[in-house]
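*Asks:* Numbering (the working numbering), first residue to last: 14 to 269. Note that beta-carbon positions come from the ideal geometry of N, C-alpha and C, so glycine has one too.
Set out below in structure tokens:
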């Protein structure tokens, strides 16, 4: 795959600029874009750009008109909705290699949520008009996009159902830590998992729809029991199996 990407970034017809290798790689691997033929991918890459956003910078707001499909190249993005109480409810945290604002980019309806960077981030921005033009002439690509949307919708429903089925904030907090670890954690000696938390304590509470104080107490209890250690934003899961049992999950940790 590396050799193919290198060829596509170097061997352009005379007069055409080289394609950005990071955009080429993102389009090649993003599931929602998998069905695009090579010429359509190249056209999409030529129309796109990579934009650097400082930490905690708004990307778009709920109700905005969709103008692009976004992808995280580096960093992380939270997708959230503002509640009447003035609090936020975090719907999802998007890690590198994933696209977001996919549904609005396809159906053209106003954005149903807001998005903001967590750390400093680089985003791939693909103009909606170019994406739709390419999908309209490629039924296979449109079907691939629909399959990806169906899969994402199913995953979200299963996650929400599992969160709603938890009986306590401690259990849902343990499950959230496991989910974050699966995306950002690295396994070290003795099976310990280390990572830098992408969410503040307040954002963790907003993700769970729970009071911040309750989440803080749940984290403190896990520290006291020796299941995790927390130093600032640095999280170490000392006993992954115990944390998994606390969350009600039985499956093993899936990312090395």
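Among the candidates 254, 234 and 33, whose CA atom is the shortest distance from the CA of residue 191?
*Replies:* That would be 254, whose Cα lies nearest to the Cα of residue 191.
*Asks:* Which residues mark the beginning and the end of the alpha helix (DSSP H) in which residue 137 is found?
*Replies:* Segment 134-140 is the beta strand (DSSP E) holding residue 137; no alpha helix (DSSP H) there.
*Asks:* In whole angstroms, give me the CA-to-CA distance for residue 76 and residue 96.
*Replies:* Using only the alpha carbons, I get a separation of about 14 Å.
*Asks:* Would you kindly work out how many angstroms separate the C-alpha atoms of residue 168 and residue 46, rounded to a whole number?
*Replies:* Near 18 Å, if we compare the C-alpha coordinates of residue 46 and residue 168.
*Asks:* Does the segment 120-132 come within contact of the segment 50-59, defined as at least 3 CB pairs closer than 8 Å?
*Replies:* Judged by Cβ distances under 8 Å, the segment 120-132 makes no contact with the segment 50-59, as fewer than three pairs qualify.
*Asks:* Assuming residue 90 and residue 129 form a contact by the criterion Cβ under 8 Å, report the distance between their Cβ atoms to the nearest whole angstrom.
*Replies:* Yes, residue 90 and residue 129 are in contact; Cβ-Cβ is about 7 Å, under 8 Å.
*Asks:* Just grab the DSSP bridge partners of residue 62 for me.
*Replies:* According to DSSP, which records beta bridges pairwise, residue 62 is partnered with 138.
*Asks:* In terms of alpha-carbon separation, which member of 247, 37, 242 and 229 lies closest to residue 137?
*Replies:* Among 247, 37, 242 and 229, the Cα nearest to that of residue 137 is on 37.
*Asks:* Taking the beta strand (DSSP E) that residue 241 falls in, what are its first and last residues?
*Replies:* 241-244 is the extent of the beta strand (DSSP E) around residue 241.
*Asks:* From residue 99 to residue 73, what does the alpha carbon distance come to, in whole angstroms?
*Replies:* Computed Cα separation, rounded: 18 Å.
*Asks:* If we ignore side chains and look at the alpha-carbon of each, how far apart do residue 42 and residue 203 end up?
*Replies:* Cα to Cα, the separation comes out at about 32 Å.
*Asks:* Buried or exposed, going by whether 16 or more other CB atoms sit within 10 Å of the CB of residue 134?
*Replies:* Buried.
*Asks:* Within 10 angstroms of the Cβ of residue 241, are there 16 or more other Cβ atoms? Answer buried if so, exposed if not.
*Replies:* Classification of residue 241: buried, given that the 10 Å Cβ count is 16 or more.
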